[in-house]
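Numbering (my numbering), first residue to last: 7 to 217. Even glycine gets a Cβ: it sits at the ideal position worked out from N, Cα and C.
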Amino acid sequence: MRKFTASVFVVSTLAAGAHADMWPHVDGSMKHLMVSLDGQVLSVHIEGDALEKMEMLRYPGEQYNHPADVLNEKYYNSRYGWLADGFIDLPSGAGIFVSVLDSDAGLEVYQGGMRSMLQMHTYAPILGTDGNNDPWQWGGTMVHNWYAVAAPGLYDATYKVYVGDASTGLPLAGYTPGQVTVHFSAVPAPGALGLLSLAGVAGVRRSRRGC
Ligand SMILES: [Cu+2]
7 MRKFTASVFV
17 VSTLAAGAHA
27 DMWPHVDGSM
37 KHLMVSLDGQ
47 VLSVHIEGDA
57 LEKMEMLRYP
67 GEQYNHPADV
77 LNEKYYNSRY
87 GWLADGFIDL
97 PSGAGIFVSV
107 LDSDAGLEVY
117 QGGMRSMLQM
127 HTYAPILGTD
137 GNNDPWQWGG
147 TMVHNWYAVA
157 APGLYDATYK
167 VYVGDASTGL
177 PLAGYTPGQV
187 TVHFSAVPAP
197 GALGLLSLAG
207 VAGVRRSRRG
217 C
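Printed below as a string of structure tokens:
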């Protein structure tokens, strides 16, 4: 029993030291929310199985660099990415916006970007997170936001995606909005020990690539 306790202590110490400069993990393959505009009708479809639940993982003890520290001690994932499906021709002064139609309590969203550029993301709270209920403007390039929860479980959110005035976010008349539902499953870490989750992370990083 004493030996067990000592190992845990060593692992925690190593983890803290190694992670002095640490960014969140980019686990799992990309899954894109494909946005298209046919005339004035916007639609969104999810790549592959639309009902697949994105697995959120938590990495106990990890402390991420600011501003990514909003993900500390949470279950999180950035697999979903907004992506244009073909050319989107918008009138000048218009933009594409996302607003929350429904979101399970506890689901948080933070501003991301390209997964490979995670040190440049703002990690600003969006889409109902931390009291920010403004529509979120998608700029048209690939954006992988960060989804996070504090407690394990199943979470869904349904978003309205629409063409709006770029300065006010108000919907433009004549355009039909699209809708998409995202799905998450926050699961306990593979092991209670830091060593086990570290080994799991190393395996994931070798075998999967972000964008
Ligand atoms: Cu992507």
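Suppose you measure from the CA of residue 157 to the CA of residue 61; what does that come to, to the nearest Å? Numbered from its first residue, the sequence shown carries residue 157 at position 151. Numbered from its first residue, the sequence shown carries residue 61 at position 55. Taking the straight line from one Cα to the other gives about 13 Å.
Count the other C-beta atoms from every protein chain shown that fall within 10 angstroms of the C-beta of residue 111, then say buried if there are 16 or more, exposed otherwise. If you number the sequence shown from 1, residue 111 lands on position 105. It is exposed - the Cβ of residue 111 has fewer than 16 other Cβ atoms within 10 Å.
In the DSSP assignment, what residue or residues form a beta bridge with residue 234? Residue 234 is absent from the structure shown; the chain starts at 7 and stops at 217.
Using a threshold of 9 Å, state whether the C-beta atoms of residue 253 and residue 49 are closer than that. The structure shown does not extend to residue 253, since the chain is modelled only from 7 through 217, so no value can be given for it.
Contact between the stretch 154–173 and the stretch 183–190 is defined here as three or more beta-carbon pairs at a separation below 8 Å; is this criterion met? The stretch 154–173 makes contact with the stretch 183–190: 3 or more CB pairs, one atom from each, lie closer than 8 Å.
To which residues of the same chain is residue 23 closer than 8 Å at the C-beta, ignoring the five residues directly before and after it? Here residue 23 refers to the residue found at position 17 when the sequence shown is read from its first residue. In this prediction, residue 23 scores a pLDDT of 48, lower than 50, which makes its location untrustworthy; the coordinate-derived value is nonetheless stated afterwards. Contacts found: none.
Is the stretch 98–107 touching the stretch 130–146 in the sense that three or more CB pairs, one from each, lie closer than 8 Å? yes
Close beta carbons around residue 114, own chain, < 6 Å, minus the five adjacent residues each side: As a working mapping, residue 114 is identified with position 108 in the sequence shown. Same-chain partners within the cutoff: 135, 154.
Can you name the start and end residues of the beta strand (DSSP E) that residue 44 belongs to? Along the sequence shown, read from residue 1 onward, the residue named residue 44 stands at position 38. Residues 37–44.
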